[in-house]
Amino acid sequence: MGRAFVYVILGGGVAAGYAALEFSRRHVAPGELCIISEESVAPYERPALSKGYLLPENPTSLPQFHTCVGANEERLTPKWYGEKGIELILGTRVKSADLKKKALVTMAGETITYKYLIIATGARALKLEEFGVWGSEAENVCYLRDIADADRMVKVMQSCAGKSAVVIGGGYIGMECTAALVTNKIKVTMVFPEKHLMGRLFTAKMAEFYENYYKERGVKFVKGNVLTSFENDPSGKVTAVILRDGTRIPTDMVVVGIGIRANTSPFDGLDKGGAKLALEKGGIKVNGKMQTSDSSVYAVGDVAAFPVKLFGNDIRRLEHVDSARKTARHAVSAIMAPDETGDLDYLPFFYSRVFALSWQFYGDNVGEVVHFGDFLNSRFGVYWVNEGHIIGAFLEGGAKEDYEAIAKVVKTRSKVSDVGELEKLGLEFAFRE
Ligand code: FAD
Ligand code: NDP
């Protein structure tokens, strides 16, 4: 049993949706392209799951947030795929690949062949069990990666209004889910191992601002500590969490956001044909055209480790939606128009929205830190200066043109001769450049 396509996108998330749009713009013929996805719905904008989807009133729902609405592009509904002759093979997990035969094998044993393959398998949420903590399959413990997780979390939240939750992890999921829980009238305690929120991106001063904002909304913080076990009632529901130092926190539900692993599994190790894809930084290594060590195979989005020109072609795996959108479109361009497609010149861009706050970050957070602006009135920023040049910039509460200005100074690596002057000028510096 088998099917054959010219182009196969493996994975049906953000990158898959943007790749499909680009294929369509480049006039892929009906029947030539398919998307294989373990999920049961057409590609959607995953960031909505921790924001509008969790709102207690008028939540966002599908088909509203199918890709590519997040980049103000067309909304690709299942009907759109049908009209374009792009086959959606949903609810289907690929278990292995034979790179020599250019074939993928599904869990049901079907073989799907390709001339060109784009791997867009994204990532999976790390489970507590991987850190030696057992019991996270309890019905009131939630992870958040896909729409099935989000539906589950909505149900658990609805049963906990006016009650309490423990959020494990102080990263993106931790921060965004805590905001959603509070909006759903649930009292939250956040537990994480670092000294402050978003330890990998925020400085202590930035984190202090967000932590105070959260505290004003009733959120409690337990820092420098980790969960070691759960207490359960006779039905198996979690009733309390126990931390490394013995602290016991009674709770009605738990949300876990402790990081992700790229979904490389169909390509790990030698495949049946004896071929292997190069891996790096926990993902699939690609060149500036998103091409893997097998010239017929491309990788994009969270699973891809690619050279960032701005950082001297350092290989990075970026777990953010803008990177998924742009690497996906670039791979399709490299496949369909190889002579016109150079190496991707990508400016790393991350953002988040919690409560009434909203921030954007561009570049890299290395070097000397320069804070600026008004930390009391939610309008501040940070520059990172490395070897006399701006390499990263963050802004909370900016307008569109402010974000464009900070993006530009990072992209052009603006020269800084006087750090004190930069601090004084703050955002103004970006507009002077
Ligand atoms: P994904 O969107 O994860 O898609 C991967 C797809 O591959 C899935 O459909 C999966 O089921 C499928 N798949 C995997 N393995 C197989 C297999 N073997 N066979 C078949 N199918 C398979 N980023 C931001 O920049 N800003 C945000 O505000 C933001 N919010 C987020 C909120 C949440 C709740 C989450 C989970 C992520 C958020 N992100 C955000 C990150 C962003 O969503 C990801 O970077 C982006 O989704 C990556 O796109 P992708 O296509 O590479 O992977
Ligand atoms: P993050 O990597 O952002 O954060 C994980 C957090 O969990 C860190 O605080 C980490 O600490 C902590 N942690 C790690 N191990 C443990 C443990 N055993 N016990 C308790 N805490 C632990 O991952 P998330 O899970 O928050 O997010 C998952 C993915 O979703 C990421 O790719 C993220 O980019 C994406 N996402 C992005 C959003 C955005 O861009 N706005 C929004 C939501 C999700 P430490 O740093 O010390 O390891």
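Residue numbers are given in my numbering: position 303 of the sequence shown equals residue 342, and the series is strictly consecutive. No residue lacks a Cβ here, since even glycine has one placed at the ideal position from N, Cα and C. A quick note: this is a predicted structure, and the numbers were derived from the prediction, not measured.
Terminal residues of the beta strand (DSSP E) in which residue i lies
{"i": "L396", "result": "L396 to G402"}
{"i": "W423", "result": "R418 to N425"}
{"i": "K134", "result": "V133 to D137"}
{"i": "R85", "result": "Here R85 belongs to no beta strand (DSSP E), and DSSP marks it neither H nor E."}
heavy atom of the ligand NDP below 8 Å from residue i C-beta
{"i": "F389", "result": "yes"}
{"i": "S89", "result": "yes"}
{"i": "A246", "result": "no"}
{"i": "Y249", "result": "no"}
{"i": "I212", "result": "yes"}
{"i": "L466", "result": "no"}
{"i": "F170", "result": "yes"}
{"i": "I207", "result": "yes"}
{"i": "F231", "result": "yes"}
{"i": "V265", "result": "yes"}
Closest residue to residue i among the options (Cα-Cα distance)
{"i": "G263", "options": "L282, K439, D190 and D341", "result": "L282"}
{"i": "A59", "options": "P86, E112 and N97", "result": "E112"}
{"i": "R287", "options": "S417, V261 and S304", "result": "V261"}
{"i": "Y153", "options": "V336, G436, S362 and K166", "result": "V336"}
{"i": "S203", "options": "L220, A469, D188 and F248", "result": "L220"}
{"i": "I157", "options": "S76, K194, K226 and V448", "result": "S76"}
{"i": "V193", "options": "F468, E122 and K90", "result": "K90"}
{"i": "A446", "options": "F470, R392, K315 and E426", "result": "F470"}
{"i": "V408", "options": "G465, S79 and S391", "result": "G465"}
{"i": "G436", "options": "G412, V458, N425 and P289", "result": "G412"}
{"i": "E61", "options": "G213, K123 and L236", "result": "K123"}
{"i": "V108", "options": "G121, M237 and R85", "result": "R85"}
Assigned exposure category for residue i - 16 Cβ within 10 Å defines buried
{"i": "F104", "result": "buried"}
{"i": "Q330", "result": "buried"}
{"i": "K141", "result": "buried"}
{"i": "W173", "result": "exposed"}
{"i": "L474", "result": "Any answer about residue 474 is impossible in this case: the structure gives the chain only from 40 up to 472."}
{"i": "P82", "result": "buried"}
{"i": "N97", "result": "exposed"}
{"i": "A376", "result": "exposed"}
{"i": "D361", "result": "buried"}
{"i": "N179", "result": "buried"}
{"i": "L357", "result": "buried"}
Residue interval of the alpha helix (DSSP H) (run including residue i)
{"i": "F411", "result": "Not the alpha helix (DSSP H): F411 falls in the beta strand (DSSP E), residues E407 to D413."}
{"i": "T222", "result": "Y211 to T222"}
{"i": "V448", "result": "K439 to K450"}
{"i": "Q188", "result": "The question names Gln, but residue 188 is Asp in the sequence shown. Element bounds for D188: I186 to Q197."}
{"i": "V458", "result": "V458 to L464"}
{"i": "L434", "result": "First-last for L434: H428 to E435, but that is the beta strand (DSSP E), not the alpha helix (DSSP H)."}
{"i": "G56", "result": "V53 to R64"}
{"i": "D361", "result": "V360 to M375"}
Any non-hydrogen atom of the ligand FAD within 8 Å of residue i CB
{"i": "A54", "result": "yes"}
{"i": "S397", "result": "no"}
{"i": "G161", "result": "yes"}
{"i": "T131", "result": "yes"}
{"i": "L49", "result": "yes"}
{"i": "K166", "result": "no"}
{"i": "P117", "result": "no"}
{"i": "K134", "result": "yes"}
{"i": "R356", "result": "no"}
beta-carbon residue i near the ligand MN non-hydrogen atom, thresh 8 Å
{"i": "H359", "result": "Here the bound small molecules are the ligand FAD and the ligand NDP; the ligand MN is not part of this structure."}
- Query: With a cut-off of 8 Å, do at least 3 Cβ pairs link the stretch 353–371 to the stretch 58–66?
  - Reply: yes
- contact_flag[the stretch 193–213, the stretch 313–330] where n(CB pairs < 8 Å) is 3 or more: no
- Looking at C-beta atoms only, is the number of pairs between the stretch 395–415 and the stretch 451–465 that lie closer than 8 Å three or more? yes
- Item | the stretch 423–430 touching the stretch 250–257, judged by at least three CB pairs closer than 8 Å | no
- Touch test, the stretch 114–133 against the stretch 265–280, Cβ-Cβ under 8 Å, three pairs minimum: The stretch 114–133 is not in contact with the stretch 265–280.
- Does the stretch 174–192 come close enough to the stretch 357–365 to have 3 or more Cβ pairs within less than 8 Å? no
- Query: Quick check: the stretch 297–306 against the stretch 335–350, are there 3 or more CB pairs under 8 Å?
  - Reply: yes
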